[in-house]
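Encoded as structure tokens, the structure appears first; notes follow it.
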Amino acid sequence: KAGVTQTPRYLIKTRGQQVTLSCSPISGHRSVSWYQQTPGQGLQFLFEYFSETQRNKGNFPGRFSGRQFSNSRSEMNVSTLELGDSALYLCASRDDPRAHRNFGPGTRLTVT
Amino acid sequence: TQLLEQSPQFLSIQEGENLTVYCNSSSVFSSLQWYRQEPGEGPVLLVTVVTGGEVKKLKRLTFQFGDARKDSSLHITAAQPGDTGLYLCAGVGGSGAGSYQLTFGKGTKLSVIP
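The listed protein sequences derive, respectively, from chains A and B. Under our numbering, read the first sequence as residues 1 to 112, first letter to last. Under our numbering, read the second sequence as residues 1001 to 1114, first letter to last.
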């Protein structure tokens, strides 16, 4: 099976803009989670979707949103970008809430 | 807010040396996972420890879960350059978190010099 894919891999945006990141899970996996990774804070949970429904949400402002489509692909959106949003955004998929997560390679977002 | 403290943050050692990475918390977790992440890639699961006091071995890597399920350690014997990477511990389902949710430590960046 192909692994989790994320597009784009690298992105440079200007403060105040908005951005959409995409994640394609492993075939058959219905759960997709998103994480933000920074050197200072490490990996922090953003949200998790299962069968198009948001099941859990981390402590991030409302500028961070996501959705999942019927084919399990997921997108996350960040509006009104701030310099502090510069990070590696990781997506992970699994086929069951008890299964381990399979991470994608991430999207490196730089906000200038 | 539950925290997982990893130490040390950075570790640079010579090939062939042994090392231990620690992961500590005041929270109890149902299980604990260790990941390794290489530059430009996402974390890859190495092991899950579930039972307090459990010890698991993966070739030269030994993982231990504390008796109280609040802490864990990773010991690498005779480190090799291929062990270089960021090692992350993650607690599963801690107090206040949803079932099966992960709480990550900030990681230990290991460099093994040939």
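Backbone N, C-alpha and C fix where the C-beta goes; we use that ideal spot for every residue, glycine too.
| field | Pairwise C-alpha distance: Ser93(A) and Lys1109(B) | value | Position 109 of the second sequence, counted from the start, is the residue given in the question as residue 1109(B). Position 93 of the first sequence, counted from the start, is the residue given in the question as residue 93(A). Taking the straight line joining both Cα atoms gives about 25 Å.
| query | Along chain A, in chain order, which residues have C-beta atoms closer than 8 Å to that of Gly1093(B)? | reply | Looking up residue 1093(B) in the second sequence gives position 93. Those within 8 Å of Gly1093(B) in chain A number zero; the least Cβ separation is about 10 Å.
| message | I'd like to know whether the C-beta of Thr941(B) is nearer than 8 Å to at least one C-beta of chain A. | response | Shown here, chain B extends from 1001 to 1114; a query on residue 941(B) therefore has no answer.
| task | Starting from Asn56(A), follow its DSSP beta bridges and name the residues at the other end. | result | Counting from 1 along the first sequence, the entry for residue 56(A) is found at position 56. Glu48(A), per the DSSP bridge assignment.
| message | Check this for me: beta carbons of Leu46(A) and Gly1042(B), under 8 Å apart or not? | response | Start at 1 with the first residue of the first sequence, and residue 46(A) comes out as number 46. Start at 1 with the first residue of the second sequence, and residue 1042(B) comes out as number 42. No Cβ-Cβ contact shorter than 8 Å links Leu46(A) with Gly1042(B).
| Which one of Lys1056(B), Gly1016(B), Leu1003(B), Leu1086(B) has the shortest CA to CA distance from Thr1077(B)? | The sequence position of residue 1077(B) within the second sequence is 77, counting from 1. Out of Lys1056(B), Gly1016(B), Leu1003(B), Leu1086(B), Gly1016(B) has the C-alpha closest to the C-alpha of Thr1077(B).
| field | Any C-beta of chain A under 8 Å from that of Gln1126(B) | value | Any answer about residue 1126(B) is impossible in this case: the structure gives chain B only from 1001 up to 1114.
| message | In whole angstroms, give me the CA-to-CA distance for Thr80(A) and Ala1068(B). | response | Looking up residue 80(A) in the first sequence gives position 80. Looking up residue 1068(B) in the second sequence gives position 68. Each residue's Cα considered, the two are about 44 Å apart.
| Which full runs of the alpha helix (DSSP H) of 4+ residues lie inside the stretch 5–38 of chain A, going along the chain? | Runs of the alpha helix (DSSP H) inside the stretch 5–38 of chain A: none found.
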